[in-house]
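These protein sequence lines are chains Z and B, in that order.
Counted the way the working numbering counts, the first sequence spans residues 1 to 320.
Counted the way the working numbering counts, the second sequence spans residues 1001 to 1320.
Structure first, commentary second.
Number of protein chains: 2
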Amino acid sequence: MISDWMDSVESDIARISAHPYAGTPVGDVLDWAACSKGKRIRPILLILCSLYGPNCLAHKNRLTLLAAMMEVTHLASLIHDDIVDEAPFRRDRESVQRRFGKDAAVYAGDYLIARVQYYQAQENLHEAGMLLADAIQQMCAGEIGQARCRYREDVTMQEYLCNIRGKTTALFRASCRIGALESGCSKEVIEQLDRLGESLGCMFQFRDDLLDFTTDKEVLGKETHKDFRDGIYTMPVLMAMRDPLAREQLLPIMRRNRDGQTDCEQIKKMETIVHKYGGVENTKKEILRYRKRCEEILKMLPANAASAELGKIVRKCAQV
Amino acid sequence: MISDWMDSVESDIARISAHPYAGTPVGDVLDWAACSKGKRIRPILLILCSLYGPNCLAHKNRLTLLAAMMEVTHLASLIHDDIVDEAPFRRDRESVQRRFGKDAAVYAGDYLIARVQYYQAQENLHEAGMLLADAIQQMCAGEIGQARCRYREDVTMQEYLCNIRGKTTALFRASCRIGALESGCSKEVIEQLDRLGESLGCMFQFRDDLLDFTTDKEVLGKETHKDFRDGIYTMPVLMAMRDPLAREQLLPIMRRNRDGQTDCEQIKKMETIVHKYGGVENTKKEILRYRKRCEEILKMLPANAASAELGKIVRKCAQV
């Protein structure tokens, strides 16, 4: 059932990403920017949450468009992420900035955001538009917050959580909330699905941060510990840092890192310390705690085809 | 009269740029991003054009908000420009990217765009929202087009004009059109003000490009010929290039420039050639031609307080 909805979402993503510059150098950039295809988790969440509402079929066109807007917003944010990270690849393809330069990438991201803005105006989106814009603001604030924490050896777990609530969780929450709202769910169900989106988003980010410590470079498909090298200290590191002995050993590595003196040996040493002092184990525990939270929310919701699918997503995001 | 309107626009700019992060590192970035104050030419145009419509007073709140949205959009684009240009200063203050880093600057620009998007949804803007989003798309396409033309010795005048129509003119046109539309102007007046915006925008950019060739570094307040050094060949250069003798002398300089071998001597040589072969003179003529076009449009419009102010802006933009 969901696959039929997602076909419409794909058409809407193509419609939003369309441009009148085919066959020009501008068109080449915009084509490249738009054709990156991810797992579509945000639009899937929006559609699944909408299935709880009585008006989901009546509002199908609007819902698939909203799901597509969510994905294109996410896509634009990835393009801007890659500029900041100077990432050469994104999903096995050259990043926009690597292929066409930083300047083209900044404006390619902005172009996609403007396309979302256009459809927002065309479709007279009011509450959903405000929710989406608000989520983007939170996402930007989270990214700025993360940037301001870089290389800070005294960064706290609270700061980390605050940053990921913005940079990752906000769009997950907005996807769930907008799906529920626009299909006419009750206030109670809207709040439950909002909470589900929040817990899922956090879990998704914890797992992403954990992968650096549990996966080989070959499997991960990217350089490991890029976050650490960039001075972004994530949950496994911060969990380990709670132990004074780990802290004592990690601080000199973090200081060398800040001074640009990180080599493979230092990274391996850091990884060993994080494992030894429970950074990995405690992050896994945290993921399982959030999985439980998600499952409790799902139990409170009516059992239907959507809840079975959401359950699968929860289990997938909790695989550690 | 206009100053009363502009006070309201300033309040609306402050309202759009507001954020809930006061006193935090994120708030510091967002404050810095928002407090750059330019000449406000886009909101002034929007308000002046709205004065031709019968509903301008009735829709005053909506019009000043739209004018503010136009300015904040422009502000966001400047922040992203400065990342691309790695500009250290903007309007006598450190640029966001210089002060807080490239990553904070990307997301500070995105944050401001999301704030505009929020108000667009809140105020249920339909046609004006679509016009604004469309103008931003054109602006991005113009910037990408310019990026793709960099260091190309065979870049044409047509390509240059196409790029500036996007990067500069689109927002000028949208300002005029939205002001006219939302105040209830006739179709004919809307089209005339749209054309005025387009001519003014072009003239504004031609003059900006000319300043590099007619103003000392001290007066200009920034490094001269940054565009040329960055491989962006503007109207004075392209006008001179029409002469085969100039072309022959400029090509070796452009090639050295592409290879990163530009020094002050080369820049001086380039400037002398551009002057000698009419690049400056012909750009001035082009500006005057556009000034005439603007004045003809103004003559066709009803004479009122707004047309006198618009005439002043036209003359100011044509000062060469």
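Cβ coordinates follow ideal geometry from the N, Cα and C atoms, glycine included.
Residue i versus the options, residue with shortest Cα-Cα distance
i: Ala133 of chain Z; options: B:Ala1114, B:Ala1141, B:Glu1127 and B:Asp1007; result: B:Ala1114
i: Met1070 of chain B; options: B:Ala1170, B:Leu1057 and B:Lys1102; result: B:Ala1170
i: Ile13 of chain Z; options: Z:Gly27, Z:Val26 and Z:Cys35; result: Z:Cys35
i: Leu1065 of chain B; options: B:Glu1286, B:Trp1005, B:Arg1173 and B:Leu1245; result: B:Trp1005
i: Asn163 of chain Z; options: Z:Val96, Z:Gln205, Z:Asp85 and Z:Ser77; result: Z:Gln205
i: Pro244 of chain Z; options: Z:Asp85, Z:Val274 and Z:Arg99; result: Z:Val274
i: Met1241 of chain B; options: B:Lys1060, B:Lys1285, B:Val1155 and B:Gln1266; result: B:Val1155
i: Met1239 of chain B; options: B:Thr1262, B:Leu1210, B:His1080 and B:Gly1179; result: B:Leu1210
i: Cys149 of chain Z; options: B:Pro1020, B:Phe1100, B:Leu1288 and B:Ala1174; result: B:Phe1100
i: Leu75 of chain Z; options: Z:Asn61, Z:Ser95, Z:Gln266 and Z:Val189; result: Z:Ser95
i: Ala1033 of chain B; options: B:Gln1138, B:His1019, B:Pro1043 and B:Leu1046; result: B:His1019
i: Cys140 of chain Z; options: Z:Ser77, Z:Met254, Z:Leu288 and Z:Asp85; result: Z:Ser77
i: Arg1090 of chain B; options: B:Lys1276, B:His1126, B:Lys1316 and B:Lys1037; result: B:Lys1037
i: Phe1172 of chain B; options: B:Ser1011, B:Ala1058, B:Ile1287 and B:Ala1067; result: B:Ala1067
i: Ile144 of chain Z; options: Z:Leu57, Z:Ala180, Z:Val116 and Z:Val84; result: Z:Val84
i: Glu1296 of chain B; options: B:Glu1127, B:Thr1283 and B:Leu1193; result: B:Leu1193
i: Gln138 of chain Z; options: Z:Ala174, Z:His126 and Z:Glu127; result: Z:Ala174
i: Gly184 of chain Z; options: Z:Thr214, Z:Glu127 and Z:Val9; result: Z:Glu127
Alpha carbon of residue i to alpha carbon of residue j, nearest angstrom
i: Arg229 of chain Z; j: Val1026 of chain B; result: 22 Å
i: Gln146 of chain Z; j: Arg152 of chain Z; result: 10 Å
i: Val1314 of chain B; j: Gly1201 of chain B; result: 10 Å
i: Arg1247 of chain B; j: Ala87 of chain Z; result: 39 Å
i: Gly129 of chain Z; j: Ala1121 of chain B; result: 5 Å
i: Lys1167 of chain B; j: Ala1318 of chain B; result: 19 Å
i: Pro302 of chain Z; j: Tyr52 of chain Z; result: 8 Å
i: Asp1208 of chain B; j: Ile136 of chain Z; result: 34 Å
i: Tyr1111 of chain B; j: Gln249 of chain Z; result: 38 Å
i: Cys294 of chain Z; j: Pro236 of chain Z; result: 21 Å
i: Lys1285 of chain B; j: Glu1182 of chain B; result: 35 Å
i: Gly1203 of chain B; j: Thr24 of chain Z; result: The sequence as given places Met at residue 1203 of chain B; Gly does not occur at that position. Near 26 Å, if we compare the C-alpha coordinates of Thr24 of chain Z and Met1203 of chain B.
i: Ser1199 of chain B; j: Asp7 of chain Z; result: 44 Å
i: Tyr118 of chain Z; j: Leu251 of chain Z; result: 48 Å
i: Lys1187 of chain B; j: Asp81 of chain Z; result: 43 Å
i: Ala305 of chain Z; j: Arg15 of chain Z; result: 28 Å
i: Ser1017 of chain B; j: Gly1109 of chain B; result: 11 Å
i: Ala58 of chain Z; j: Lys299 of chain Z; result: 26 Å
i: Val116 of chain Z; j: Leu1161 of chain B; result: 27 Å
Residue burial classification, residue i (beta-carbon count within 10 angstroms, cutoff 16)
i: Cys176 of chain Z; result: buried
i: Cys264 of chain Z; result: exposed
i: Ala1260 of chain B; result: Correcting the residue type first, residue 1260 of chain B is Gly in the shown sequence and not Ala. It counts as exposed.
i: Gln158 of chain Z; result: exposed
i: Thr1224 of chain B; result: buried
i: Asp212 of chain Z; result: buried
i: Arg255 of chain Z; result: exposed
i: Leu288 of chain Z; result: exposed
i: Thr1329 of chain B; result: As displayed, chain B neither begins before 1001 nor continues past 1320, which places residue 1329 of chain B out of reach and without an answer.
i: Asn1124 of chain B; result: exposed
i: Thr1234 of chain B; result: buried
Closer than 9 Å to chain Z by CB, residue i
i: Asp1103 of chain B; result: yes
i: His1080 of chain B; result: yes
i: Tyr1111 of chain B; result: yes
i: Ser1077 of chain B; result: yes
i: Gly1129 of chain B; result: yes
i: Phe1213 of chain B; result: no
i: Ala1121 of chain B; result: yes
i: Tyr1107 of chain B; result: yes
i: His1059 of chain B; result: no
i: Leu1125 of chain B; result: yes
i: Ala1180 of chain B; result: no
Within-9 Å CB hit, residue i to chain B
i: Arg148 of chain Z; result: yes
i: Cys140 of chain Z; result: yes
i: Val84 of chain Z; result: yes
i: Tyr52 of chain Z; result: no
i: Asp134 of chain Z; result: yes
i: Gly145 of chain Z; result: yes
i: Arg90 of chain Z; result: no
i: Gln117 of chain Z; result: yes
i: His19 of chain Z; result: yes
i: Phe100 of chain Z; result: yes
i: Thr24 of chain Z; result: yes
i: Gln137 of chain Z; result: yes
i: Val29 of chain Z; result: yes
i: Ala306 of chain Z; result: no
At least three beta-carbon pairs within less than 8 Å, the segment 1268–1278 of chain B to the segment 1301–1311 of chain B: No, the segment 1268–1278 of chain B does not touch the segment 1301–1311 of chain B.
Can we say the segment 94–111 of chain Z touches the segment 28–45 of chain Z, given the rule of at least three CB pairs closer than 8 Å? By the Cβ criterion, the segment 94–111 of chain Z is in contact with the segment 28–45 of chain Z, since at least three pairs of Cβ atoms, one from each stretch, lie closer than 8 Å.
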